[in-house]
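Here is the structure we will look at, set down as structure tokens.
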Amino acid sequence: MAPHTDDLALSGVDAQTLKALFTDARTFSYWTSRPVDDALLRHAYEFARMAPTAANCQPLRIVFVRSAAAKARLLPTLAPPNVEKTAGAPVTAILAWDSHFYDQLPTLYPHTDARAWYAGSEKAALAHETAFRNASLQAGYFILAARLLGLDCGPMSGFDAAALDREFFADGRWRANFLCNLGYGDRSKLHPRSPRLTFDEACSIL
577 MAPHTDDLAL
587 SGVDAQTLKA
597 LFTDARTFSY
607 WTSRPVDDAL
617 LRHAYEFARM
627 APTAANCQPL
637 RIVFVRSAAA
647 KARLLPTLAP
657 PNVEKTAGAP
667 VTAILAWDSH
677 FYDQLPTLYP
687 HTDARAWYAG
697 SEKAALAHET
707 AFRNASLQAG
717 YFILAARLLG
727 LDCGPMSGFD
737 AAALDREFFA
747 DGRWRANFLC
757 NLGYGDRSKL
767 HPRSPRLTFD
777 EACSIL
């Protein structure tokens, strides 16, 4: 059961914001024909980039697939159930991570030599873990930012990551994490919301 927004009045967050981000937000597979303005994509990223990552490492990289030519490259990498929903979406975001994110650390985290924490073959496992974890975190921020700006989202796995990386990231530096269709969803085709685990089922306070 979703929390009653009235119960959260003391948090200072208004009910409409909570609805946009959580209680009324859904995962969409069908889309209206309304286009997505480039400015919205830019604003969503600008908001998402302000949220925290480890040592401000910001490993998220996004490719927005909009044109027919780019969609033609993307669709063959998808699992069959995801082809129609992606073909109909105004934009598909490839949410990826930069395996050499640490090259930006002298600028992003100038307080110390943070690049040395991750650079070098002996630190490859730590670099991979840091990049993947923090890019995933940033991708979540991006979805929330997109929702707050009025966009509907359809995040998904179900694609051949190796094939997609070969097609879009041939130099091997960026790697796909997951995809997110963006646009204005067709609410008439939504199925009822699936159950969620309760606090007591998923959480403990020690």
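First residue of the sequence shown: 577, per this note's numbering; consecutive thereafter. Ideal Cβ positions, reconstructed from N, Cα and C, are used throughout, including at glycine.
### Query
Residues in its own chain within less than 7 Å of Asn-658 by CB, not counting five upstream and five downstream?
Met-732, Gly-734, Phe-735
### Message
Can you find the residues in the same chain that come closer than 6 Å, C-beta to C-beta, to Phe-677, ignoring five residues on each side of it along the sequence?
### Response
Cys-633, Pro-635, Ala-707
### Query
Looking only at its own chain, which residues have a Cβ that is under 7 Å from the Cβ of Ala-601, when we skip the five neighbours before and after it?
Arg-723
### Message
Give the list of continuous beta strand (DSSP E) stretches no shorter than 3 residues that lie fully inside the region 616-668.
### Response
636-641
### Query
If Ala-615 and Ile-670 are in contact, beta carbons under 8 Å, what's the gap, nearest whole angstrom?
In fact, because the Cβ distance is near 20 Å, the residues do not count as touching under 8 Å.
### Query
Would DSSP call Ile-670 helix, strand or coil?
strand
### DSSP three-state assignment for Gly-759, whether helix, strand or coil
strand
### Query
What is the rounded straight-line gap between the Cα of Asp-679 and the Cα of Ala-700?
13 Å
### Alpha-carbon spacing of Thr-785 relative to Ile-781, whole angstroms
This structure gives no information on residue 785, because the portion of the chain shown stretches from 577 to 782.
### Task
Would you mind stating whether Val-612 and Gly-759 have Cβ atoms separated by less than 9 Å?
yes
### Ala-695, DSSP secondary structure in three states
coil
### Message
Can you confirm whether the region 762-776 touches the region 643-654 when touching is taken to mean that 3 or more C-beta pairs between the two stretches lie within less than 8 Å?
### Response
no
### Task
Given a cut-off of 9 Å, decide if Tyr-717 and Ala-627 are closer than it, judged by their beta-carbon atoms.
yes
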